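As given, the protein sequences belong to chains A and B, one line each in that order.
Residue numbers for the first sequence, in the working numbering: 1 to 333.
Residue numbers for the second sequence, in the working numbering: 334 to 616.
No residue lacks a Cβ here, since even glycine has one placed at the ideal position from N, Cα and C.
As the structure is a computational prediction, the values presented were derived from the model and not from experiment.
First up is the structure itself, then whatever we jot down about it.
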Amino acid sequence: MTLPRLGAVVSGNVGRALVPIVAVAAILAVLPSVWFGDSPFTTSLAVKALVFAAYGIGFNLIFGCTNQLFLCVGALAGIGGYGAAILTDETSLPMAAGVAVGTASAAIVGGLLSWIAVRRSLGVIFTGIVTLVFSLAFANLLLGQRDLTGAETGLVVTAAPAGLADDRVGAYYAFAGIVVAFLIVFRALQLSHVGWAFRGLRDDEMAAELAGVDVARYRIYAATVGSAMIGLIGALYAYSSGFISPATYAFDQVDVRVLVLVAFGGLGTLLGPVIGAAAFAILDERLSTSLELREVTYGIFVVAIFLGFRRGVVHAVVGVFNRLFGRRSRGRT
Amino acid sequence: MRAVILDGIVLGLAFGLLGVGMTLVYGLGGVVNLAYGQIVVLAAIVASLVMNEGVSTALAAVVGVLAAAGVAVLLDLTLMRPVYREQGEERILLGLLLTLGAAFVIGGLLTWRYPTGALYINISGEPISILGVPMAVGSIWASVIALVVGAALLLFFGATTFGRGVRSVIQDEIGARLVGINPSFVRTVIFALSGALAGIVAITSSMSGPLTVNAGFELTTFALIVTVVGGLGSVAGAFLAGVLLGVVNTVSAQYIGQYITSVILLGAAALTILIRPRGLLGR
């Protein structure tokens with residue numbers, strides 16, 4: 001990846017840096033009225049896509065920006081979701097308190113995992129295995145603590161306002177707003193000194209460390225913020241769907257998909273997770289008629305994607321664009 | 334207590350056998366084969382189909398093992414080629430994603446065609462008493478096969494020229510190339526061996542209970558844990574880790590409870606990475 005132009009951090013360019021986000025926000029805003037407003041099926045598919053786009057942004061911040069392979073997106077979302085649900089279930093606190101506690105718990109756990117990985121200087125693969133192990137342990141804890149979590153039967157989550165829980169279009173706008181907010185946070189981080197540190201440590205960790213970037217601190221920082229995002233979505237999703245079970249946050253339901261869609265969109269890019277989530281939502285819709293072969297098609301798709309464009313759609317498109325118009329690569333997309 | 338520990342050793346040998354196939358591929362090129370469990374399942378389904386045709390169990394088992402080895406070689410010759418062209422973390426990530434895709438394809442096809450498929454090899458006979466504990470004949474067969482395979486592998490890697498060549502690639506790919514070893518050929522052979530081991534796992538584990546079509550993911554996870562605890566590319570380490578984890582598993586399942594046992598096993602794997610990232614017998 002080439003270094004970004006110096007101008008990228010000058011305030012005059014902030015407006016231009018927000019253009020993609022404004023475009024996404026505009027598309028998300030008009031999508032229900034022009035396309036699927038009256039179809040509950042398509043709307044809930046869109047809600048699911050938004051949830052995964054948001055998970056993807058959090059994961060992208062952790063893995064795409066700072067190279068920490070967190071295979072525990074589902075578990076972090078589950079900490080958020082179960083934390084929030086159990087809190088509002090046992091006490092009579094409002095939903096906001098549940099969401100706050102869920103988000104904070106996920107942030108703490110994610111930060112802690114990152115701290116451990118950094119302290120023991122685990123590489124990509126070992127960080128992946130430790131977090132995978134954490135995911136599976138968490139799933140077993142959910143199954144084991146039957147009194148608290150309801151195990152396989154799941155947990156009915158109340159305390160959500162009707163606009164979020166019963167109205168799918170309402171839920172759509174809530175999650176769309178959050179995706180846009182996450183994109184703004186992501187872009188703001190990219191434009192600040194944090195973004196510089198991220199790019200430095202992603203390109204060459206040793207060089208970044210030698211240049212005075214506190215790699216450990218930025219890693220833990222990225223993991224904490226990313227995990228908070230994931231926990232927030234996990235908690236909100238629990239309230240919006242009104243029911244959670246271990247399957248809601250299972251590794252094979254969440255992590256696999258998030259990893260694939262972020263890698264498909266383009267690791268470390270702003271719009272990668274959104275594009276990936278949209279692509280997989282469309283794939284899901286197409287495959288909804290042939291449920292039996294869904295897994296196979298999904299697998300073939302994954303293999304084809306990663307044999308075809310390794311670095312993701314965003315990088316591929318930017319590459320073609322730059323070649324066509326002779327612009328130098330900006331390294332920031 | 335004695336019975337529990339013996340059960341643990343039986344389970345542990347099965348774990349060890351399961352881990353060996355994954356640890357070899359992992360140690361050889363840094364590829365975590367996430368389709369490993371699905372290859373085990375494939376061998377089981379092929380063997381059960383052949384058995385349904387009225388072929389003898391032993392022959393069906395051989396066909397199953399060969400099928401698994403064949404699929405593994407196919408993976409190596411197709412999907413793994415671009416993976417091995419990459420270096421370092423790119424290679425790891427691409428390997429993860431492509432084998433994940435392969436796992437979906439193999440697992441999906443099997444559950445689609447044979448949704449109720451399962452392999453169960455029933456070995457009849459009176460329980461045999463070992464150290465005063467009656468053990469099922471199937472478990473003893475499975476353990477003996479695991480021990481024989483483990484010994485054969487140790488002999489292969491310790492005493493044959495090709496085995497030493499494999500170890501040299503594990504230690505230093507460039508160095509191995511310099512002394513005239515072709516890493517790509519070695520990897521193909523090891524993929525075939527890994528597939529065959531997956532097939533043997535399918536046969537032995539179906540001797541004590543049915544191996545169903547959707548066991549793939551769980552098998553991959555256990556193989557991964559054994560690999561991590563035992564050390565990359567270490568045959569003896571995989572068996573040692575397998576037996577340790579097996580004993581911990583049965584003891585804790587007996588005295589503490591099922592779900593907590595899984596947490597303890599996973600905790601052991603995490604702890605190994607944190608305290609001794611090379612694994613028990615890793616370099």
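- Excluding sequence positions up to five before and after Ile338 (chain B), its CB lies within less than 8 Å of the CB of Val580, Thr583, Val584, all in the same chain and listed in chain order.
- The beta carbons of Gly242 (chain A) and Val302 (chain A) sit no closer together than 9 Å.
- Every alpha helix (DSSP H) of 4 residues or more that sits fully in the segment 464–500 of chain B is shown, in chain order, as 470–492.
- Taking the beta carbon of Ala216 (chain A) as reference, no residue of chain B falls within 7 Å; the closest one sits roughly 16 Å away.
- Against Val365 (chain B), the close residues of chain A are Ile125, Gly128, Ile129, in the order they occur along the chain (beta-carbon pairs closer than 9 Å).
- Nearest Cα to Leu412 (chain B) within the set A:Asn322, A:Val313, A:Gly308: A:Gly308.
- Residues of the segment 100–121 of chain A that bring their beta carbon within less than 8 Å of a beta carbon in chain B comprise Ile116, Arg120, in sequence order.
- Note that the segment 385–396 of chain B does not touch the segment 592–608 of chain B; fewer than 3 beta-carbon pairs, one per stretch, sit closer than 8 Å.
- Rounded to whole angstroms, Leu577 (chain B) and Leu544 (chain B) show a C-alpha spacing of 23 Å.
- Under the three-pair Cβ rule at 8 Å, the segment 352–367 of chain B counts as touching the segment 559–574 of chain B.
- Chain order gives the chain B residues near Asp252 (chain A) as Phe550, where near means a beta carbon separation below 9 Å.
- At a Cβ-Cβ threshold of 9 Å, Gly83 (chain A) and Ser105 (chain A) count as neighbours.
- DSSP places Ser245 (chain A) outside both helix and strand once states are collapsed to three, so it counts as coil.
- Within the segment 294–316 of chain A, the residues whose Cβ lies closer than 9 Å to any Cβ of chain B are, in chain order, Arg294, Glu295, Val296, Thr297, Tyr298, Gly299, Ile300, Phe301, Val302, Val303, Ala304, Ile305, Phe306, Leu307, Arg310.
- Take the alpha-carbon of Leu599 (chain B) and the one of Thr131 (chain A): they are about 10 Å apart.
- Contact with chain B is found for Gly144 (chain A), since one of that chain's Cβ atoms lies less than 9 Å from the residue's Cβ.
- Judged by beta-carbon spacing, Gly268 (chain A) lies beyond the 9 Å limit of Gly102 (chain A), meaning their Cβ atoms are not closer than that value.
- Judged by pairs of C-beta atoms under 8 Å, the segment 527–545 of chain B touches the segment 446–462 of chain B, as three or more such pairs exist.
- Close CB contacts of Glu205 (chain A) within its chain, under the 8 Å cut and outside five residues either way in sequence, are with Asn67, Val215 (chain order).
- Between Val522 (chain B) and Gly428 (chain B), the alpha-carbon positions lie close to 18 Å from each other.
- Those residues of the segment 518–530 of chain B placed with their C-beta closer than 7 Å to a C-beta in chain A do not exist.
- With a minimum length of 3 residues, there is no unbroken run of beta strand (DSSP E) contained wholly in the segment 362–407 of chain B.
- If you keep only unbroken alpha helix (DSSP H) runs of at least 4 residues inside the segment 421–468 of chain B, you get 421–446.
- In this structure the segment 122–129 of chain A does not lie against the segment 236–251 of chain A, because fewer than three pairs of beta carbons, one per stretch, are closer than 8 Å.
- Under DSSP, Leu544 (chain B) forms a beta bridge with B:Leu452.
- For Leu375 (chain B), same chain residues with a beta-carbon under 7 Å away, outside a window of 5 residues either side, are Ala400, Ala401, Val404, Ile439, Leu443 in chain order.
- In this structure Glu506 (chain B) is buried. Its beta-carbon is surrounded by 16 or more other beta-carbon atoms within 10 angstroms.
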